[in-house]
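Input: a single structure, listed below in structure tokens.
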Amino acid sequence: MIELLQTLNNLIFPTRHICLLCKEKSENREGYICKDCYRNLEILDKEIDIDSPYIKRVYYSISYNRFVREKIKDYKYNGKNYLYKPFSEIMIKTIKNKNMDNDIDGIIYVPTHRRKEALRGYNQAELLAKYISKKLSKPLFGDSLIKIKWTKEQSHSNKIDRIINLKNSFQVKNSNIIENKRILLIDDIITTGATMEECSKVLINAGAKEVVGLALTSSKNN
Ligand SMILES: [Zn+2]
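Okay, so the sequence shown: first residue is 0 according to numbering that gives the first Met the number 0, each after it adds one.
Given below as structure tokens:
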């Protein structure tokens, strides 16, 4: 009986109508997000200056308000990895609004150390990049950039400390893949810009033509 009810329920409210941010069923949904949740998002499509010679432009999509902070926490630490879908859809809108898709040859994500990924089960930036790459039909230069040094999360330290901490953390593996390419670098959140800067530096030094950055949100003061 319960199974029958579930079947009926799925027929009336198929899972494709579920908002992934609040898990409520909604007919009025856009990019996996219901109208109520959308009201909590402040779409900015904002360019920020991270003051780096290695990265041409950096954007983020939405304001880091309380609602978004909680969702990011769920995404990174509470195992809600399915949030990559609504997050990626928001980021794709920024890409389109800023006409970024015509200026890139492929996509790379900020890598995590393989031990950290093993602990968490996934890399949150990789899930975003994979979805965006598929939707935009742009190649994912997946394993080209790797993290070779285990670094502590320093969400409260300043940019200088983070740059020192991240020094020699990243490495390009197959430089022939990224050579002379215009790359879109994806992360979930920008805190100081140090990670974006360090990754771009390694990519440019390995022969990439240009790097532009995009994150879902940013807690950086500017
Ligand atoms: Zn919702």
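Here a beta-carbon is modelled for each residue, glycine too, at the ideal position from N, C-alpha and C. From a predicted model like this one, the values you see are computed outputs, not experimental measurements.
- Within the segment 116-147, the complete beta strand (DSSP E) segments of 3 residues or longer fall at 144-146, listed in chain order.
- With contacts defined by Cβ atoms closer than 7 Å, I147 and Q170 form a contacting pair.
- Taken in chain order, the whole alpha helix (DSSP H) runs of length 4 or more contained in the segment 172-220 are 174-177 and 193-204.
- Its Cα nearest to that of N39, the residue C21 stands out among C21, D50 and P52.
- Here the C-alpha atom of R161 lies approximately 25 Å from the C-alpha atom of F140.
- Nearest Cα to S143 within the set Y63, S217, E178 and D187: E178.
- Ranking I131, C36 and D187 by CA distance to the CA of D104 puts I131 first.
- Taking the Cα of Y74 as reference, the smallest distance to any Cα among R65, N64 and F86 is reached at F86.
- With 7 Å as the limit between CB and the heavy atoms of ligand 1, the residues that fall short of it are C18, L20, C21, E23, S25, I32, C33, D35 and C36.
- Separation of L165 and T191 (C-alpha to C-alpha, rounded to the nearest whole angstrom) is 12 Å.
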